[in-house]
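Undergrad: Structure provided below as structure tokens; questions to follow.
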Amino acid sequence: MDQIKTQFPIFANHPGLVYLDSAATTQTPSVVIDAMNDYYTKTRSNVHRGIYDLSEQATAAYEAARTSLAKFLNADREEIIFTAGTTHGLNLLAYSLTPKMSHRDNVVLTRLEHHANMVPWQEMAKHYGFTIRYIELTAEGELDIASAEKVIDANTKIASFAFVSNVLGTVAPVKKICALAHARRALTIVDAAQSVAHLPTDVRDLDCDFLVLSGHKLYGPTGIGALYGKKMLLEECLEPFFYGGDMIKTVSYTGAAWADLPSRFEAGTQNIAGVIGFGAAAEWFMNLGWEKITTHERKIVSYALEKLTPLVAVTGATDPNKRTGLVAFTIPGIHPHDIAEILNQDNICIRVGFHCAEPLHRHLGIGPTARASFGVYTTKEDIDRLATEIEKVKTIFA
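Numbering (this note's numbering), first residue to last: 2 to 399.
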């Protein structure tokens, strides 16, 4: 991993950049940019519809990306639906799965959730009357299985939860929660936005019913993501709510019938370059190898906690074995925005605020936090510069 930064043009264009906001958006390697440029400069055309060489070549590249994502998740091709991102996927599921629910039913979330896995369910609850329950946290910020066993009951229709918290780095016991939900005949949805670049994601092993992810969290382009769903559920439980284009099998003046999977959920002209880039990112990432990725991350997280714990108040567990590649923190008496601005002056990029998880911050009794999050390109030298600059921040505000 020592030379991997050379694969990312952003670092050549910004010498000295310390990019510590990968939980929001990872940087993009040249191989992904090249794949998208090849589409725009060599095969630019619409997919699936053209009976000419350019369109057929573009279609082949588009569908090859679906194959790559299926391999990445250990899914079948027909189970991969391209979306605009994780938020799009979660909204699609919330809109499609809830219309038959009533006041007798409930949806189970967790205290860790991103707004994108909370607000859609809240809005649907207003329409259909079901209740929302939350799995509680332990003192260390992990999901409490005893709480899960209590709130997931015979009236639970859906359990939707994040694989990894984007504030605490906490890893959910996905298999246990899925097993609990399935024992009560509830569907399971895994928000894998924060996990896909940090933990192997095998949908067969997890036995989740649906899983959503974003390209820009996996070293790919923004504006693209994927929804995985078990084939039977995609066919029997999920109804499209975007209409037009290739998702239609036949149409008359009085109605329409939907195309087969996966087309029925991909209305209109898709983000073709984004899909191709997403597929290239998945292939590039798989070629790095999970052992190399996780070993590097463990070293960086351990080193970051060692350097930062004496300087700041770390949010969540300080055990590197209990979090993935991010550290959220506060400095008493110093607003996170001031921390970020001073770091920015030294070309260090971090994220500050509620990180689209305001309820979690309120639940923990804290305000906004600063967050440093890591990628395959993060080095110990990056952490050293962060620690040095934090010491400078503390001196300025002493």
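Think of the CB as a built atom: it goes at the ideal place given N, C-alpha and C, for glycine as much as any other residue.
It should be emphasised that the depicted structure is a prediction, and the values quoted were computed from it without experimental measurement.
1) Taking the beta carbon of residue 119 as the centre, do at least 16 other beta carbons fall within 10 Å, making it buried, or is it exposed?
2) If I follow the unbroken beta strand (DSSP E) through residue 380, where does it start and stop?
3) With DSSP run on the structure shown, which of helix, strand or coil describes residue 209?
4) DSSP on residue 50, reduced to helix/strand/coil?
5) Identify every run of the beta strand (DSSP E) within the region 336-381, keeping only runs that are complete inside it and at least 3 residues long; order them along the chain.
6) From 227, 188, 17, pick the residue whose C-alpha is nearest to that of residue 197; which is it?
7) Here's the rule: buried if 16 or more other CB atoms are within 10 angstroms of the residue's CB, otherwise exposed. What is residue 123?
8) How many Å lie between residue 377 and residue 294 at the Cα?
9) Specify the secondary structure class of residue 261 as computed by DSSP and reduced to three states.
10) Taking all protein chains shown into account, decide if residue 236 is buried (16 or more other Cβ within 10 angstroms of its Cβ) or exposed.
11) Which ranges does the alpha helix (DSSP H) cover as unbroken runs of at least 4 residues, wholly within the region 251-295, from first to last along the chain?
12) Evaluate residue 231 with the Cβ neighbour count: other Cβ atoms within 10 Å of its Cβ, from every protein chain shown; 16 or more gives buried, anything less gives exposed.
13) Looking only at its chain, what residues have a beta carbon closer than 6 Å to the beta carbon of residue 312, apart from the 5 residues adjacent to it on each side?
14) Spatial neighbours of residue 28 within its chain, please: CB distance less than 8 Å, with the 5 preceding and 5 following residues excluded, ordered by chain position.
15) Would you list the one or two residues that DSSP bridges to residue 417?
16) On the DSSP bridge assignment, give the partners of residue 111 in chain order.
17) Counting C-beta neighbours from all protein chains within 10 Å, is the total for residue 139 16 or more, i.e. buried, or is it exposed?
18) For the beta strand (DSSP E) that contains residue 329, what are its first and last residues?
19) Whose CA, out of 79, 43, 59, 347, lies closest to the CA of residue 266?
20) Under a three-way DSSP split, which group does residue 32 fall into?
21) If you run the structure through DSSP and keep just helix, strand and coil, what is residue 12?
22) For residue 127 and residue 170, I'd like the C-alpha separation in whole angstroms.
23) Given a cut-off of 9 Å, decide if residue 271 and residue 83 are closer than it, judged by their beta-carbon atoms.
24) So residue 235 is in the alpha helix (DSSP H); what residue range does that whole segment cover?
25) Under the criterion of a Cβ to heavy atom distance below 8 Å, does residue 72 qualify as lining the ligand SAH?
26) Kindly give me the distance between the Cβ atoms of residue 282 and residue 216, rounded to whole angstroms, as I take these residues to be in contact under 8 Å.
27) Nearest to residue 180 by alpha carbon, out of 205, 193, 332, 194?
28) Could you check whether residue 384 and residue 332 sit closer than 9 Å to each other, using their CB atoms as the reference points?
29) Go ahead and pull the three-state DSSP assignment for residue 171.
30) With a floor of 4 residues, list each alpha helix (DSSP H) that falls wholly inside the region 153-199, ordered by position along the chain.
31) Quick check on DSSP: helix, strand or coil for residue 59?
32) How many Å lie between residue 353 and residue 299 at the Cα?
TA: Once the coordinates are examined:
1) The count along the sequence shown starts at 1 and reaches residue 119 at position 118. Buried.
2) Stepping through the sequence shown from its first residue, residue 380 is reached at position 379. Where residue 380 is concerned, there is no enclosing beta strand (DSSP E), given that its DSSP letter is neither H nor E.
3) Within the sequence shown, numbered from 1, the residue matching residue 209 stands at position 208. Coil.
4) Position 49 of the sequence shown holds residue 50. The answer is coil: DSSP assigns residue 50 none of H, G, I, E or B.
5) 352-354, 370-374
6) Taking the sequence shown and counting its residues from 1, one reaches residue 197 at position 196. The option with the nearest alpha carbon to residue 197 is 227.
7) Here residue 123 corresponds to residue number 122 of the sequence shown, with the count starting at 1. By the neighbour-count rule (16 or more Cβ atoms within 10 Å), residue 123 is not buried but exposed.
8) To locate residue 377, count along the sequence shown from 1; it is residue 376. To locate residue 294, count along the sequence shown from 1; it is residue 293. Roughly 7 Å separates the two Cα atoms.
9) Stepping through the sequence shown from its first residue, residue 261 is reached at position 260. Three-state result, residue 261: coil.
10) For the purposes of this step, residue 236 is identified with residue 235 of the sequence shown, where counting begins at 1. Residue 236 comes out exposed.
11) List check, alpha helix (DSSP H) in window: 273-289.
12) If you number the sequence shown from 1, residue 231 lands on position 230. With 16 or more Cβ atoms within 10 Å of its Cβ, residue 231 is classed as buried.
13) Here residue 312 corresponds to residue number 311 of the sequence shown, with the count starting at 1. These residues qualify, in order along the chain: 391.
14) Taking the sequence shown and counting its residues from 1, the one referred to as residue 28 is at position 27. Excluding positions up to five away in sequence, the list reads 9, 11, 12, 20, 220, 376, 378.
15) For residue 417 there is no data in the structure shown, the boundaries of the chain being 2 and 399.
16) In the sequence shown, counting from the first residue as 1, residue 111 sits at position 110. Its beta-bridge partners are 136.
17) Residue numbering aside, residue 139 sits at position 138 when the sequence shown is read from its first letter. Classification of residue 139: exposed, given that the 10 Å Cβ count is below 16.
18) Here the question's residue 329 lines up with position 328 in the sequence shown. Its beta strand (DSSP E) spans residues 327-331.
19) Within the sequence shown, numbered from 1, the residue matching residue 266 stands at position 265. Comparing Cα-Cα distances from residue 266 to each of 79, 43, 59, 347, the minimum goes to 79.
20) Working through the sequence shown from its first residue, we reach residue 32 at position 31. Helix, per DSSP.
21) In the sequence shown, counting from the first residue as 1, residue 12 sits at position 11. Helix.
22) Here residue 127 refers to the residue found at position 126 when the sequence shown is read from its first residue. Here residue 170 refers to the residue found at position 169 when the sequence shown is read from its first residue. The alpha-carbon atoms of residue 127 and residue 170 are separated by roughly 31 Å.
23) Walking along the sequence shown from the start, residue 83 turns up at place 82. Walking along the sequence shown from the start, residue 271 turns up at place 270. Result yes, Cβ atoms of residue 83 and residue 271 sit closer than 9 Å.
24) Position 234 of the sequence shown, counting from 1, holds the residue named residue 235. Per DSSP, residue 235 belongs to the alpha helix (DSSP H) from 232-237.
25) Looking at this structure, you won't find the ligand SAH or any other ligand, since it has none at all.
26) By one-based count along the sequence shown, residue 282 stands at place 281. By one-based count along the sequence shown, residue 216 stands at place 215. Yes, they are in contact, since the Cβ atoms of residue 282 and residue 216 sit about 6 Å apart, within 8 Å.
27) Here residue 180 refers to the residue found at position 179 when the sequence shown is read from its first residue. With distances taken between Cα atoms, residue 180 lies closest to 205.
28) Translated into the one-based positions of the sequence shown, residue 332 becomes position 331. Translated into the one-based positions of the sequence shown, residue 384 becomes position 383. The answer is no: Cβ separation not under 9 Å.
29) In the sequence shown, counting from the first residue as 1, residue 171 sits at position 170. In the three-state reduction of the DSSP assignment, residue 171 falls in the coil class, being assigned neither a helical nor a strand state.
30) Within the region 153-199, the runs of alpha helix (DSSP H) that reach at least 4 residues and sit entirely inside it are, in chain order, 175-184.
31) Within the sequence shown, residue 59 is the residue found at index 58, counting from 1. DSSP places residue 59 in helix when its eight states are reduced to three.
32) Translated into the one-based positions of the sequence shown, residue 353 becomes position 352. Translated into the one-based positions of the sequence shown, residue 299 becomes position 298. Looking at the two C-alpha atoms, the distance is approximately 23 Å.
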